[in-house]
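Numbered continuously in our numbering, the sequence shown closes out at residue 214.
Just so it is clear, CB atoms sit at the ideal spot from N, CA and C, and this is done for glycine as well.
Heads up, the thing below is written out as structure tokens.
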Amino acid sequence: MVKTGSFFQWALVRLRSETIFVLLVAGVFFCHGCSATNVGKNTEQKTIPVEDEYIIGPTDILEIHVWREPDLSRTIPVRPDGKITLPLLNDVQASGLTSLELKAEIEKGLAKFVESPTVSVVVQEIHSKNIFVLGQVLSPGGYPLQQDLTVLQALSLAGGFAEWADKGDVVILRKENGKQSRIKFDYKNVSKGKHLEENIVLQPGDTIIVP
């Protein structure tokens with residue numbers, strides 16, 4: 004016969020053990036959910052949806068698929084001169100067109116060789132619309148230019164300032180009509196709500212330098 008006091012002690016110990024186990028399992032799932040959420044946010048920041056209106060540029064990577072014609076399908080970069088080379092068609096102008104416009108051009112050209120060609124054009128990688136963040140940031144380098152990307156947002160993409168960054172003397176280098184200009188950005192002021200006009204929308208090729 005089990006004594007009443009011993010039974011309650013045993014039950015209390017078991018209850019505590021099971022409670023700890025449940026809390027540990029819940030903690031693991033909670034942490035896993037947090038990690039997945041953070042990864043999703045980071046990925047979302049650097050991922051750009053390529054819409055049908057996107058204008059293709061030099062060095063962009065295109066996936067061209069011709070239905071039922073695997074020999075004519077391929078993934079190719081746009082050359083610096085803005086053209087791509089395709090079987091049967093040789094050089095085709097790609098830069099300056101949307102994916103739908105390029106699709107129509109390729110279908111028009113292939114119609115001379117293939118009956119009722121069906122073509123799809125997908126912009127796999129954007130390289131022609133980049134901005135650069137250099138200097139005292141945690142992740143310097145080139146970043147795809149998102150729509151309406153501001154200086155503050157670009158600095159965030161680059162991981163923020165490094166420890167010794169001069170936040171009040173940031174410069175944006177911009178080249179227009181063959182001339183390079185310097186645009187001042189004082190993070191200290193902008194972060195306080197002052198001189199918000201300095202938080203400009205970036206253009207392709209802009210370079211942010213953090214001394």
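Using CA coordinates, which residue listed in the options is at the minimum distance from residue i?
i: Ile67; options: Asp172, Asp84 and Glu104; result: Glu104
i: Val140; options: Gly163, Ser123, Tyr146 and Asp151; result: Gly163
i: Glu179; options: Gln156, Gly208, Lys197 and Thr153; result: Gly208
i: Pro73; options: Leu100, Ile58 and Val122; result: Val122
i: Val173; options: Leu160, Phe188 and Gly181; result: Phe188
Per DSSP, what kind of secondary structure is residue i in: helix, strand or coil?
i: Pro73; result: helix
i: Ser123; result: strand
i: Tyr190; result: helix
i: Gln206; result: coil
i: Ile109; result: helix
i: Val81; result: coil
i: Ser102; result: helix
i: Ser184; result: strand
i: Glu201; result: helix
Contact check, residue i vs residue j under 8 Å by CB: the rounded distance?
i: Ile109; j: Leu92; result: 7 Å
i: Asp169; j: Val204; result: Their Cβ separation, rounded to whole angstroms, is 23 Å, which puts Asp169 and Val204 out of contact at 8 Å.
i: Ile129; j: Pro147; result: 5 Å
Report the rounded CA-to-CA distance for residue i versus residue j, giving the unit in angstroms.
i: Gln206; j: Val69; result: 34 Å
i: Gly85; j: Asp63; result: 9 Å
i: Arg71; j: Pro61; result: 28 Å
i: Ile211; j: Gln127; result: 26 Å
i: Thr88; j: Asp94; result: 5 Å
i: Leu199; j: Ala97; result: 38 Å
i: Trp167; j: Ser76; result: 50 Å
i: Val213; j: Val81; result: 32 Å
i: Asn192; j: Asn202; result: 10 Å
i: Gly145; j: Ala114; result: 40 Å
i: Gly196; j: Lys111; result: 54 Å
i: Ala165; j: Phe135; result: 16 Å
i: Val154; j: Glu118; result: 50 Å
i: Leu65; j: Gly171; result: 40 Å
i: Ala161; j: Ala107; result: 38 Å
If you count every other CB in all the chains shown that lies within 10 Å of the CB of residue i, and 16 or more means buried, which is it?
i: Gln183; result: exposed
i: Lys124; result: It is Val, not Lys, that sits at residue 124 in the sequence shown. Val124 is buried by the Cβ-count criterion.
i: Gly181; result: exposed
i: Ser131; result: buried
i: Ser194; result: exposed
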